[in-house]
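Each residue of the sequence shown is one higher than the one before, starting from 12 at the first, in our numbering.
Reviewing the structure listed below.
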Amino acid sequence: MDSLSLESGEIHTIVGPNGSGKTTLMRVLSFLEKPAGGTVTFKGNRISTGRGVPQELRRSVTLVMQDHYLFEGSVFSNIAYGLRIRGVKDPGLRRSIDTALEITALQGFGPRRAGTLSGGESKRVAIARALVLKPEVLLLDEPTANIDRRNTELIEDTVQQLKSEGLTVVMTTHDFSQAYKLGDSMVSLVSGKVVDVSPENIFPCMISGNEATIAPGVALAVQCERSGPAHVAIDPRGVILSLSELNSSARNCLAGKVVRISVEDSLVKVYVDVGTEIVSIITEDSLESLKLRPGTSVYAVFKTVSVRVL
Numbered sequence: 012m013d014s015l016s017l018e019s020g021e022i023h024t025i026v027g028p029n030g031s032g033k034t035t036l037m038r039v040l041s042f043l044e045k046p047a048g049g050t051v052t053f054k055g056n057r058i059s060t061g062r063g064v065p066q067e068l069r070r071s072v073t074l075v076m077q078d079h080y081l082f083e084g085s086v087f088s089n090i091a092y093g094l095r096i097r098g099v100k101d102p103g104l105r106r107s108i109d110t111a112l113e114i115t116a117l118q119g120f121g122p123r124r125a126g127t128l129s130g131g132e133s134k135r136v137a138i139a140r141a142l143v144l145k146p147e148v149l150l151l152d153e154p155t156a157n158i159d160r161r162n163t164e165l166i167e168d169t170v171q172q173l174k175s176e177g178l179t180v181v182m183t184t185h186d187f188s189q190a191y192k193l194g195d196s197m198v199s200l201v202s203g204k205v206v207d208v209s210p211e212n213i214f215p216c217m218i219s220g221n222e223a224t225i226a227p228g229v230a231l232a233v234q235c236e237r238s239g240p241a242h243v244a245i246d247p248r249g250v251i252l253s254l255s256e257l258n259s260s261a262r263n264c265l266a267g268k269v270v271r272i273s274v275e276d277s278l279v280k281v282y283v284d285v286g287t288e289i290v291s292i293i294t295e296d297s298l299e300s301l302k303l304r305p306g307t308s309v310y311a312v313f314k315t316v317s318v319r320v321l
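Okay, here's the thing in structure tokens:
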């Protein structure tokens, strides 16, 4: 039976292709949507499809959705909204809002009109509005999608600070580097299921005759008796980069160009455009010997055993 356990006091990042179920999972974890089957267990309470959720549990979990909405008016009034509903009055209200503004690096933003904020500032206000309710679990659905680098960094700093204060944070992201950097644990989702594969190089595909088409004109040799729509995962450590076409037993050899290179600790991630973007993990020695740079023409070579059909 599939199961997922998230430890308290940690940062959990959730990754997966579009349509994999990330947002649905967040809605289930926030008790906004009932699970179609099985149970959610939180603080010793089991919540199933046919049971309501006690108010004290609902108030322990807050979700900031990707498409968040701010009310007209000031930043202060937006953040105060939930507290006023709960009957919190001054001076407790103002003190809590000042703390939330400080955590999200929004000091002095209280009087600002919500309609004048940038996308990144607006997202930080939405996070402050959630934090002011003092949840035990904060759920963030793509908190840094479509915002600038500076606001992304500020949100990442906020998430790391929240962990140091003992808050449990669960966040979805398309940015694998961010998922690795922030997460104490990382969960890969594909078609609503938790999969034990590296999150890079997961592609929707169409399988026919031991070939999986992952993009127009890009077909992989696979070992599979299935046919029809599926997903494939390519182990990035099994992707060899070569400056020339290799004469080897590997049945997959895709011509492409290096798009970007990311150095993380002693490992190097090389992103190659082969008609779609594929990731290879190599060593720094290999990077130097191949003299790879963005724009370098390469071949991405890997065996069928490095391709897993999900």
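The C-beta atom is built at its ideal place from N, Cα and C for all residues, glycine as well.
Source: prediction; values computed, not measured.
- Distance check between residue 140 and each of 157, 127, 292, 120 places 120 closest, using alpha-carbon atoms only.
- Nearest in C-alpha terms to residue 220, of all of 212, 230, 213, 214, is 230.
- For residue 191, no beta strand (DSSP E) run applies; the uninterrupted alpha helix (DSSP H) run containing it begins and ends at 187-193, by DSSP.
- Around the Cβ of residue 34, a 10 Å sphere holds 16 or more other Cβ atoms; the residue is buried.
- Counting along the chain, residue 67 sits inside the alpha helix (DSSP H) bounded by residues 66-69.
- Ranking 125, 127, 144 by CA distance to the CA of residue 110 puts 144 first.
- The three-state reading of DSSP puts residue 280 in strand, counting E and B together.
- Contact annotation: the segment 310-317 touches the segment 251-265, with at least three C-beta pairs closer than 8 Å.
- Residue 57 sits in a strand when the DSSP states are folded into three classes.
- Look at residue 82 here: in three-state DSSP terms it is coil, with no helix or strand label.
- For residue 216, the beta-bridge partners assigned by DSSP are 241.
- DSSP, reduced to helix, strand and coil, places residue 313 within a strand of the structure shown.
- The count of Cβ pairs closer than 8 Å, one atom from the segment 155-172 and one from the segment 83-98, stays below three, leaving the stretches out of contact.
- Partner residues in the beta bridge of residue 266, as assigned by DSSP, are 310.
- By the Cβ test, the segment 177-192 is not in contact with the segment 248-258, since fewer than three Cβ pairs between them sit closer than 8 Å.
- By the Cβ-count criterion, residue 217 is exposed, with fewer than 16 other Cβ atoms from all chains shown falling within 10 Å of its own Cβ.
- Between the alpha carbons of residue 13 and residue 204 lies a distance of about 8 Å.
- Taking 8 Å as the cut-off, the beta carbon of residue 272 is found closer than this to the beta carbon of residue 281.
- DSSP places residue 152 in the uninterrupted beta strand (DSSP E) bounded by 148-152.
- In the DSSP assignment, residue 106 falls within the unbroken alpha helix (DSSP H) covering 103-114.
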